[in-house]
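See structure below.
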């Protein structure tokens, strides 16, 4: 039974009433535009988006400010700390005009500068790791899903193998060996080596998750009419992959990225916690947090500041990810 | 090889009254009667009234797993102290630890402190009768000789001290072998057994040691578990790493589980009458060792002081974040000096210009290093490698190699660097035992000081293992400056200077030994030989002090600090003592549990 025409018209009218104050011109809108419109109406997502934009700007500005001498994350201020356990002098972790978030216990470095720079390094590492896992995940997911057969079998088993590794243990155990290897390949020892190590391992262990999602999507897409049509018209395999399949994978990709990035930020923090993160004195959210957790009682300011920053950034990315998923896939209603 | 690994130290040393070692110890038999009675009960004014109530359980909470319980392989200060108080008895042993008794020797398995003859080259000890193993069989002279012979099996039993190899009159291995430095290869393959039997011989209950050089304080070496008896029928080589066959007041219940621990119960075959009174009071019925706890967890539990934690002690020092809270527990807080000196060494194959090394010395910010550690209440600035507490009789000499305030003198250092004519900033790669925020901050404090003078510092904190990496000659090319920590094996500088800076005992093609900076000086080696061959104790100890100063002037090392051990123990632990006798760790021979 087909839907009576009048019902359909009523539907369109009601949508127009909500979305479209303009009279007359009924413009067709692409799925992307629709999704963006839905996203713009989601207040939580927009707040999350604002937080992310701010933190990214902060991350970009920090190294510049450091070069200009406005941020100073490395100079000790022994005159601002003291007493048993070398805690900051003055209330609230030594907050003052020159040190707006206080100073670090021990050697009195500026907390604000360290947190800002920490955000830079943490975002840099997690973005690079995300890019690696996206590239690998897309390539292998498409190949696996489209080719099928033996190729699919071997790629899938390889992904299973990687997912079956006890990742954290591997990361800890491999750290000395891999870091040596990275250094011997010409990366400067210390912070650069640690950063490359984190990027490589996070990226390597991250891609199978995306590859599995992509493979599933491609399996359903490859038998759809438009792919069949392209194939029967003699399109090359490359064209099918990049022009027919890829545009249909943007939605899961965006969601994946917005959910993986915060995962990697937390993972970097966790790894620093376990001692395989960035090399001191370079700050990262992880190694600042690793230090701050034990100061819950003697210096609560120092305990809360890096924690709050980490929570805010991770939460914002997660919120935006959720919002994106709702916007791109309205069927998964709340 | 007494090394410090950040708060979990290793090795032995002394404190307070370092007696004139040679004079006091080589003397002999007469001291026997004097020791009895005074030993245990001589609690000084600082210790609270003694509670001799027996029974209950004491819990030992710790983080770092014990690497070896095989007496031949124990070389960690904490494990030396714990094992000798609980289950491994040696020929002689240190006193109770309280006051003047710390570091004083008392007869243990032997009837006296040993008799030296032949210009300190022959040492004799006689075993007491009636001392038994945990299975009831008697301890014989052959057991002692066998125990010491195991130190020579360096292919199987690694990790232990090598004093028996250094001192006993057995020629060095002439063939080029990787595993052995002595011509005697240990009791397992018996190569060169006749040589050993000549160096260590038994006549009835008397054991005789023939040494290759005069060693006036040989009996101090015999306090190490590596000189304890070992019953041959119990020996399974490397497989015996965690088996404990006791002759002390406690024995292992079941098996030792690494990263978990075990319970020790009373040994029915231990007779306190055979022991020097007071050294092992053995008050609790049980000791429960719990390994693998985070230091923060240990201090959270000790602060909460509830349940079994009221009966707990720990070997861990409080992290800086806990200091204020820990120190507020007035009657449970202790803060003794540790036996360890932290220092850094420049790499002598890379930093060849003495002016650059002097600049490094002058720009070292020791005040910052200590601030990062928790402040002056947990460490004091060191000017040499020998602990001041050893005194002149232990080889300590007061000196300051270069004049600079504790926070360094970057201006003077910068001038020296300029004078050296090197390209600035001078890059240095500094490696240290990292992995904790505290050690990272300490390294950052040092780096900030050096950078002020014109160095450009790359830090590399090693998190997994430390000493085996910096001892590897392949890595030496990488590091310009290396961190180290050391405590003397007994209260004399002879266990500090030669082990760290005698290039002949350290440097080989496979290892740098303890000479992480690849320091090689014929003048220092000759001075070491001269000191060893000096028979007059006072003169010899003065020479150790001179060599220490000579090394500092050459910047063979830059001294940093002497750390302390701020700790907490449960409220129901009685007779709590930490002293030089137990390397600054809780004295398990003294503690009790009041219920």
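Protein chains in written order, with the working numbering: chain H, 1 to 334; chain B, 335 to 929.
Using N, Cα and C, we set each Cβ at its ideal position, and we do this for glycine too.
Values in this document were obtained by computation on a predicted structure and should not be read as measured data.
Check                                                                                                                             : Outcome
Own chain partners of residue 321 of chain H with C-beta closer than 7 Å, once the 5 adjacent residues on each side are dropped   : 255, 258, 259
Amino acids of chain D, ordered along the chain, whose beta-carbon sits closer than 7 Å to that of residue 657 of chain B         : Any reference to chain D falls outside this structure, whose protein chains are H and B.
Beta-carbon proximity list for residue 784 of chain B, same chain, < 6 Å, skipping 5 on both sides                                : 697, 791
Opposing strand residues paired with residue 620 of chain B [DSSP bridges]                                                        : B:391, B:599
Amino acids of chain B, ordered along the chain, whose beta-carbon sits closer than 9 Å to that of residue 280 of chain H         : 768, 771, 773, 774, 775, 777, 778, 781, 793, 795
Against chain B: residues of the region 239-271 of chain H by CB proximity under 9 Å                                              : none
Beta-ladder partner(s) of residue 898 of chain B, from DSSP                                                                       : B:671
Minimum length 3: unbroken beta strand (DSSP E) runs contained in the region 879-927 of chain B                                   : 892-902
Boundaries of the alpha helix (DSSP H) in which residue 147 of chain H is found, first to last residue                            : 111-147
CA nearest to the CA of residue 510 of chain B, picked from B:906, B:844, B:865, B:910                                            : B:844
For residue 676 of chain B, the three-state DSSP class (helix, strand or coil)                                                    : strand
Closer than 9 Å at the beta carbon, the chain H residues around residue 653 of chain B                                            : 85, 294
Chain B contact for residue 236 of chain H (CB, 8 Å cutoff)                                                                       : no
Cβ contact check for the region 846-861 of chain B and the region 800-808 of chain B: 3 or more pairs under 8 Å                   : yes
Extent of the continuous beta strand (DSSP E) run through residue 441 of chain B                                                  : 439-441
Three CB pairs or more closer than 8 Å across the region 506-524 of chain B and the region 538-545 of chain B                     : no
Distance CB(residue 328 of chain H)-CB(residue 150 of chain H) smaller than 8 Å                                                   : no
Under 7 Å by beta carbon: chain B residues contacting residue 275 of chain H                                                      : 769, 797
Contact set for residue 738 of chain B: own chain, Cβ-Cβ below 6 Å, skip 5 residues either direction                              : 696
Complete runs of the alpha helix (DSSP H) confined to the region 758-844 of chain B [at least 4 residues]                         : 771-787, 801-804, 807-810, 831-835, 837-840
Between the CA atoms of residue 732 of chain B and residue 505 of chain B - distance to the nearest angstrom                      : 37 Å
Interfacial residues, the region 679-702 of chain B to chain H, with Cβ spacing under 9 Å                                         : 699, 701, 702
The region 645-656 of chain B in contact with the region 287-297 of chain H per 3-pair CB rule at 8 Å                             : yes
Cβ contact check for the region 880-889 of chain B and the region 562-580 of chain B: 3 or more pairs under 8 Å                   : no
Positions along the region 31-42 of chain H whose CB lies within less than 9 Å of some CB in chain B                              : none
Check whether residue 427 of chain B and residue 557 of chain B have beta carbons under 8 Å apart                                 : yes
Boundaries of the alpha helix (DSSP H) in which residue 254 of chain H is found, first to last residue                            : 250-273
Spatial neighbours of residue 162 of chain H in its chain, beta-carbon cut-off 6 Å, leaving aside the 5 residues before and after : 208
Collapsed DSSP secondary structure at residue 604 of chain B in the structure displayed                                           : coil
Boundaries of the beta strand (DSSP E) in which residue 640 of chain B is found, first to last residue                            : Where residue 640 of chain B is concerned, there is no enclosing beta strand (DSSP E), given that its DSSP letter is neither H nor E.
Proximity winner among B:624, B:416, B:588, B:753, relative to residue 559 of chain B (alpha-carbon distances)                    : B:416
Below-8 Å beta-carbon distance, residue 708 of chain B vs any chain H residue                                                     : yes
For residue 55 of chain H and residue 119 of chain H, believed in contact at Cβ under 8 Å, the rounded distance                   : 6 Å
The beta strand (DSSP E) enclosing residue 586 of chain B, as first and last residue numbers                                      : 584-591
Cβ neighbours of residue 32 of chain H in the same chain (closer than 6 Å, five flanking residues each side left out)             : none
Local conformation of residue 627 of chain B per DSSP, three classes                                                              : coil
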